[in-house]
Amino acid sequence: MDKIRVRYAPSPTGYQHIGGLRTALFNYLFARANGGDFILRIEDTDQTRYFDGALQDIFDTFNWLGIGYDEGPVKEGAHKPYFQSQRLELYKKYAELLVERGAAYYCYCDGERLEQMKKYQEENKLQQGYDRRCRDLSESEKADMIKKGVTPVIRFKAPLEGKTKFEDKILGTIEVDNSTLQDFVLLKSDGFPTYHLANIVDDHLMGITHVLRAQEWVSSTPNHVLLYKAFGWEHPQFCHLPMVMGEDGQKLSKRHGATQVMEFRKNGYLPEAIINFISLLGWSYNDADEVFSLSELEKIFNIDRINKSPAVFNYAKLKWFNGLYIRKKTIDELIDITLPYFKEKKLVSDSPTDEEMRFLTKIAPLMQDRMELLGDCTEIVGFMFGEYPEYKTWEAIIPKKVEPKTVIDILTDSKEILKNLGKEKDEDLQHKLYSLTEKYGVKAGAIFMPIRIAITGTNKSPELFPVMNILGVERTLKRMDRAIETLKRS
RNA sequence: GGCCUUUUCGUCUAGUGGUUAGGACGGGUGAUUCUCAGUCAUCAAACAGGGGUUCGAUCCCCCUAAGGGCUACCA
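Take a look at the structure:
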């Protein structure tokens, strides 16, 4: 069997989005799992929609996620160039070849006429599509058009009857009546090819063996099959991937939340989480395992386990994956990836000192279990910085059914106990604090919550003893003092 | 409208002509003798509907319904 060659062929008309990434990832994994080649080809054939930052975004996306390619723009191989805009002569040549063979024709209809025709068809509920007016123009009619200076397009001469069918590796046999097909455009009047022409010419010339693309392409695949036939080429295996939907079952779009890949990075997602989650959109390994690294996926990915039905993009599960991968990080790695957030909040300096780094090393374990997104870190351990915390939930310092005066007494007693922080074992100190429940006839929460608020400023925090130990006796007691004073004043 | 296509817990999915239809996220409950998170345990939750074929259908066939895609000189 020939070496497997697949490609991802984005068009630089916008930022890379989740759907595109899924296609790229599946192609990449399919190639890696089978010792094949993965090619990146830029389909910049739409001049009107070309967008400047798009190309860089494609590179950034691949780099961030660790998806490499074997042939493409920067890493040119035997089939260069990999920008379709640099292959214009090729498409023109092949389009004209089809005209010579009588499989395509020049069409002189301009946009205005096409629009009128479409409007008429809609109003009269006729079948939509080009009416093939130029399909059988006489030589003299053609000459007239040329004389008028009309720049023609080249259209494919689709068969009027019969059926076209192909085997999709995922969907099975698909068959359509040729009567439903269109005389689609191959070469536009600006000299650029349409997707239909360019992708066939390039896939053939580049030796592509499998085309993995989204299901939205299924309906134009018969056209492509016919084109291959007209050229006398064998077509690659088609594998149409299920669509990716938003939570309401509609095609995933901005209103569902983030959809651009680099937006996820900005929002604090890890590449590992994105890769893992995306790999499960329409694919599964078995009935039990679903946590996979990229390198594992490169070994186990199997095209036969891709399913047909559309998949909903579930942000909640993505977040779970993100938390999972955050927990898998070593402390050093965790500090590395969260440092920008601490800098942004001015909790550490732009060039952190050794002391600051040591401090981060101490507090990192406190935040690791509690983070879901990278940006959560400052929220979780922000109170560790500075002399006093910001009191966010001060009211909670007075537990239900407990008098404010009692809270002052509890904190004062606790302070006495915590004077020995570091001198006695944590569990002994905790035991002593716990014994206060008997003295005041309250539940444990009524002892620990006031301490928590006094020290952390919130009613949700990491465990108290690790926190107090890092803070040290002095700062711990100062924070308790301030809380006591504040209570006395109110 | 036409053509193509899909349908297992809310979501991602596994699965078989005979199963207690399995896992994960999310949700509920409990444990971790301080909250939150984490971890562990546990519970609820699905074969779209109707006809066939068959001793037996979630699984095979047909119809219906609902969803999705395409219907550009865009990809």
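Heads up: the first sequence at position 400 corresponds to 389 in my numbering, and the numbers run straight through without jumps. Idealized CB from N, CA, C, for every residue including glycine.
DSSP three-state label for residue i, please.
i: Trp222; result: coil
i: Phe227; result: strand
i: Glu387; result: Note on identity: in this sequence residue 387 is Ile, with Glu being the wrong assignment. Three-state result, Ile387: coil.
i: Arg471; result: helix
i: Asp398; result: helix
i: Glu60; result: strand
i: Gln75; result: helix
i: Asp41; result: coil
i: His6; result: strand
i: Glu463; result: helix
i: Leu410; result: strand
i: Ala13; result: helix
i: Ala22; result: helix
i: Asp415; result: helix
i: Asp365; result: helix
i: Asp(-9); result: coil
i: Asp46; result: helix
i: Leu259; result: coil
i: Glu65; result: coil
i: Lys432; result: coil
Please report how far the alpha carbon of residue i lies from the alpha carbon of residue j, in whole angstroms.
i: Met469; j: Tyr330; result: 28 Å
i: Ile143; j: Met232; result: 31 Å
i: Cys228; j: Ile159; result: 6 Å
i: Ala67; j: Asp192; result: 13 Å
i: Trp222; j: Glu361; result: 51 Å
i: Val456; j: Ile264; result: 34 Å
i: Ile440; j: Ile386; result: 8 Å
i: Ala13; j: Tyr58; result: 10 Å
i: Lys240; j: Gly271; result: 15 Å
i: Thr426; j: Glu344; result: 39 Å
i: Asp237; j: Arg244; result: 11 Å
i: Ile197; j: Lys288; result: 21 Å
i: Glu474; j: Glu452; result: 24 Å
i: Lys390; j: Lys467; result: 27 Å
i: Tyr490; j: Lys177; result: In the structure as shown, the chain starts at -10 and stops at 479, and residue 490 therefore has no counterpart that could be examined.
i: Gly3; j: Leu29; result: 16 Å
i: Ser338; j: Arg254; result: 23 Å
i: His6; j: Ile31; result: 15 Å
i: Pro1; j: Val370; result: 41 Å
i: Cys123; j: Gln45; result: 41 Å
i: Thr350; j: Ile324; result: 7 Å
i: Gly434; j: Leu54; result: 45 Å
i: Leu328; j: Ile436; result: 34 Å
i: Thr484; j: Ser424; result: Because the chain is modelled from -10 through 479, residue 484 falls outside the range shown and cannot be assessed.
i: Lys69; j: Lys449; result: 58 Å
i: Ile189; j: Gly42; result: 27 Å
i: Ile(-7); j: Val165; result: 28 Å
According to DSSP, what are the bridge partners of residue i?
i: Gly161; result: Asp157
i: His420; result: Its beta-bridge partners do not exist; DSSP assigns none.
i: Lys240; result: Met234
i: Leu453; result: None, per the DSSP bridge assignment.
i: Leu29; result: Tyr(-3)
i: Leu476; result: Answer is none; Leu476 lacks a bridge partner.
i: Leu295; result: Note on residue identity: the sequence assigns Ile, not Leu, to residue 295. In DSSP, Ile295 forms a bridge with Trp272.
i: Val301; result: Met234
i: Asp166; result: Lys152
i: Gln249; result: His6
Looking at residue i and the ligand FAD, is the gap between the Cβ and the nearest heavy atom below 7 Å?
i: Ile399; result: Summarising the ligand content, the structure contains no ligands, and the ligand FAD is consequently not present.
Considering only C-alpha positions, which residue in the set the options is nearest to residue i?
i: Leu313; options: Glu287, Glu344, Arg121 and Glu279; result: Glu279
i: Phe145; options: Gly180, Leu422 and Leu87; result: Leu87
i: Arg478; options: Pro393, Ala84, Leu336 and Leu215; result: Pro393
i: Glu463; options: Ala433, Lys449, His420 and Lys404; result: Lys404
i: Ala300; options: Gly235, Ser340 and Glu322; result: Gly235
i: Asn409; options: Leu422, Ile397 and Ile7; result: Leu422
i: Met373; options: Met356, Pro388, Trp383 and Thr382; result: Met356
i: Glu285; options: Arg(-6), Val(-5), Lys332 and Phe19; result: Phe19
i: Leu170; options: Leu363, Gly118 and Arg(-6); result: Gly118
i: Lys218; options: Asp365, Thr153 and Ile320; result: Thr153
i: Ile320; options: Glu156, Asp358 and Lys335; result: Asp358
i: Gly138; options: Asp99, Asp120 and Gln110; result: Asp99
i: Glu205; options: Lys297, Lys335 and Ser168; result: Lys297
i: Pro211; options: His199, Thr183 and Thr162; result: Thr162
i: Pro141; options: Ala203, Leu400, Thr350 and Cys96; result: Cys96
i: Phe173; options: Glu164, Asp120 and Leu201; result: Asp120
i: Tyr380; options: Ile442, Gly9, Leu230 and Arg347; result: Ile442
Beta strand (DSSP E) runs contained entirely in the segment 89 to 151, provided each spans 3 or more residues: DSSP runs (the beta strand (DSSP E)) wholly in the segment 89 to 151: 93 to 96 and 142 to 145.
Taking the runs of the alpha helix (DSSP H) that are 4 residues or longer, which of them lie wholly in the segment 311 to 359?
Counting only runs of 4 or more, we get 320 to 333 and 343 to 357.
Next item on the list: Output the residue ranges of the alpha helix (DSSP H) runs that lie fully inside the segment 171 to 219 and measure 4 residues or longer, sorted by chain position.
Entry: Unbroken alpha helix (DSSP H) runs of no fewer than 4 residues, entirely contained in the segment 171 to 219, are found at 184 to 194, following chain order.
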